[in-house]
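Report on the structure given below.
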Amino acid sequence: VGKNPDNGGVNRALYQFQSAKVAGTHVLSATLKTTETWSWNCTPKQVDVHSTNQWLGGMTWNSQPVRSATTWASVTVAHGYNSACPSTANNVGFDVTNMMATYAASGDQLFGVELVAHDEADTTAWKKFNSAATLTVNYNSFPNTPSQPQFATPAASCGSSAGSGPVFNSNANNLEIEVWVTDPDEGGVDADFWVTDAASGANRLPASVAPKGYLQTGLTADGWHAVTIPKVNGRSVLQDGSYAWRAHGSD
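Numbering (my numbering), first residue to last: 3 to 253.
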């Protein structure tokens, strides 16, 4: 990458990756690694990472892929000139977490990465990189949308609209609600439950029993996740009235 001091030409390095596995996930970290095999001298020079659209081959300088305006990562390095700054495998690493988070959110399946010298007019910034690169992404899949909402106690089906029939309960009985929750990853899944006023949507769980505003099951295996509406002094924390509830998975 950079300006070749022998012929004055500008060089850039392009790599292409599949991103289907991380589409729609929460990216925790991502690192792009490659090997700088040669530098003009041992004075570190900055190299920037940009993303590009995908390409299918037959590329020329005039048909190179479109580069993003965003510089996703930069390193200042020098490897491979002599024994004072030798080249070793995977000696250059870029933190591209934000770039991969963007691709995960967009759902793109294939994209390019371009390495460019920060100053393409500086011949002392000219470098050579290996044609191979690795992209390591640490990610977490979001839980699947909960399904089959129902009342476990008293046993009753659950409607999903304001016109759905009510379920009646008295203070003499516990009120237990549940949903089916799964997660594409291993490690368990939690279900969070909100109970709101049926008309206004305002939260009706007091902070004394739901400090976060909702009830949690805790991380457990995929399957039915249930919570019981708490009682205080033998009475439900919910006053007489009409309520709605909803749930979502977390991990």
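For glycine and all other residues, C-beta sits at the position ideal for the given N, C-alpha and C.
message: Tell me whether the stretch 88-96 and the stretch 61-77 touch, counting them as touching only if at least three CB pairs, one residue from each stretch, are closer than 8 Å.
response: As far as the Cβ criterion goes, the stretch 88-96 touches the stretch 61-77, which means the pair count is three or higher.
query: In chain order, what residues of the same chain lie with their CB nearer than 6 Å to the CB of His28, ignoring the 5 residues before and after it?
result: By 1-based counting over the sequence shown, the position of residue 28 is 26. For His28, the CB contacts under 6 Å within the same chain, skipping 5 residues up- and downstream, are Asn142 in chain order.
Cut-off 6 Å between Cβ atoms - residues of its own chain near Ser149, not counting five sequence neighbours on either side: Here the question's residue 149 lines up with position 147 in the sequence shown. The answer, listed in chain order, is Trp182.
field: 8 Å Cβ cutoff met for Ala15 and Glu116
entry: Here residue 15 refers to the residue found at position 13 when the sequence shown is read from its first residue. Here residue 116 refers to the residue found at position 114 when the sequence shown is read from its first residue. Taking 8 Å as the cut-off, the beta carbon of Ala15 is found closer than this to the beta carbon of Glu116.
Residues that Gln20 bridges to, as DSSP identifies them: Taking the sequence shown and counting its residues from 1, one reaches residue 20 at position 18. In DSSP, Gln20 forms a bridge with Leu112.
Residue burial classification, Arg206 (beta-carbon count within 10 angstroms, cutoff 16): Start at 1 with the first residue of the sequence shown, and residue 206 comes out as number 204. So Arg206 counts as buried.
message: I want to know whether the stretch 213-222 touches the stretch 103-120 - three or more CB-CB distances under 8 Å.
response: Short answer: they don't touch.
query: Can you check whether the CB of Gly82 is closer than 8 Å to the CB of Ala25?
result: By 1-based counting over the sequence shown, the position of residue 25 is 23. By 1-based counting over the sequence shown, the position of residue 82 is 80. It is not a contact, given that the beta carbons lie outside the stated cut-off.
task: Could you spell out where the beta strand (DSSP E) holding His28 opens and where it closes?
output: Counting from 1 along the sequence shown, the entry for residue 28 is found at position 26. Boundaries of the beta strand (DSSP E) harbouring His28: His28 to Ser41, taken from the DSSP string.
- prompt: Who are the Cβ neighbours of Val229 in its own chain at under 8 Å, not counting the five residues just before and after it?
  reply: Translated into positions along the sequence shown, residue 229 becomes position 227. For Val229, where only same-chain residues beyond five positions count, the Cβ hits under 8 Å are Glu178, Ile179, Glu180, Ala193, Phe195, Leu217, Gln218 and Thr219.
query: From Asn55 to Thr138, what distance separates their C-alpha atoms?
result: Numbered from its first residue, the sequence shown carries residue 55 at position 53. Numbered from its first residue, the sequence shown carries residue 138 at position 136. For Asn55 and Thr138, the distance between alpha carbons rounds to 19 Å.
query: Thinking C-alpha only, which one of Ala106, Lys35 and Ala154 is nearest Thr136?
result: Translated into positions along the sequence shown, residue 136 becomes position 134. Closest option to Thr136, Cα to Cα, is Lys35.
task: Give a yes or no on whether the C-beta atoms belonging to Thr198 and Asn176 are separated by under 8 Å.
output: As a working mapping, residue 198 is identified with position 196 in the sequence shown. As a working mapping, residue 176 is identified with position 174 in the sequence shown. The answer is no: Cβ separation not under 8 Å.
query: Does DSSP put Ser53 in a helix, in a strand, or in coil?
result: One-based indexing of the sequence shown puts residue 53 at position 51. Strand at Ser53.
message: In this structure, how does DSSP classify Thr65 when only helix, strand and coil are distinguished?
response: Residue 65 sits at position 63 when you count from the first residue of the sequence shown. Here residue 65 turns out to be Ser, not Thr, going by the sequence shown. Helix.
Rounded separation between Trp57 and Glu188 - CA only: On the sequence shown, position 55 is the one that residue 57 refers to. On the sequence shown, position 186 is the one that residue 188 refers to. Note on geometry: alpha-carbon atoms of Trp57 and Glu188 lie some 35 Å from one another.
- prompt: DSSP on Asn100, reduced to helix/strand/coil?
  reply: Reading the sequence shown from its first residue, position 98 is the one you call residue 100. If DSSP states are grouped into helix, strand and coil, Asn100 belongs with the helices.
field: For Ala246, three-class secondary structure by DSSP
entry: Position 244 of the sequence shown, counting from 1, holds the residue named residue 246. Of the three classes helix, strand and coil, the one that applies to Ala246 here is strand, per DSSP.
field: Member of Asn43, Thr99, Gln18 and Ala223 whose CA lies at the smallest distance from the CA of Val191
entry: In the sequence shown, residue 191 corresponds to position 189, counting from 1. Closest by alpha carbon: Ala223.
- prompt: What does His227 pair with, by DSSP beta-bridge criteria?
  reply: Counting from 1 along the sequence shown, the entry for residue 227 is found at position 225. Per DSSP, the beta-bridge partners of His227 are Val181.
field: Ser149, enclosing beta strand (DSSP E) - first and last residue
entry: The sequence position of residue 149 within the sequence shown is 147, counting from 1. For Ser149, the enclosing beta strand (DSSP E) covers residues Ser149 to Thr155.
query: Is the beta carbon of Asp185 sitting closer than 8 Å to the one on Pro151?
result: Your numbering for residue 185 matches position 183 in the sequence shown. Your numbering for residue 151 matches position 149 in the sequence shown. No; because the gap between Cβ atoms is not below 8 Å, this pair is not in contact.
- prompt: At what residues does the beta strand (DSSP E) containing Tyr141 begin and finish?
  reply: Counting from one through the sequence shown, the residue named residue 141 turns up at place 139. Segment Lys129 to Asn142, the beta strand (DSSP E) holding Tyr141.
query: CB Trp63 to CB Trp128, shorter than 8 Å?
result: The count along the sequence shown starts at 1 and reaches residue 63 at position 61. The count along the sequence shown starts at 1 and reaches residue 128 at position 126. No, these two residues do not count as a Cβ contact at 8 Å.
field: beta strand (DSSP E) segment containing Ala193, residue limits
entry: Start at 1 with the first residue of the sequence shown, and residue 193 comes out as number 191. Segment Asp192 to Asp199, the beta strand (DSSP E) holding Ala193.
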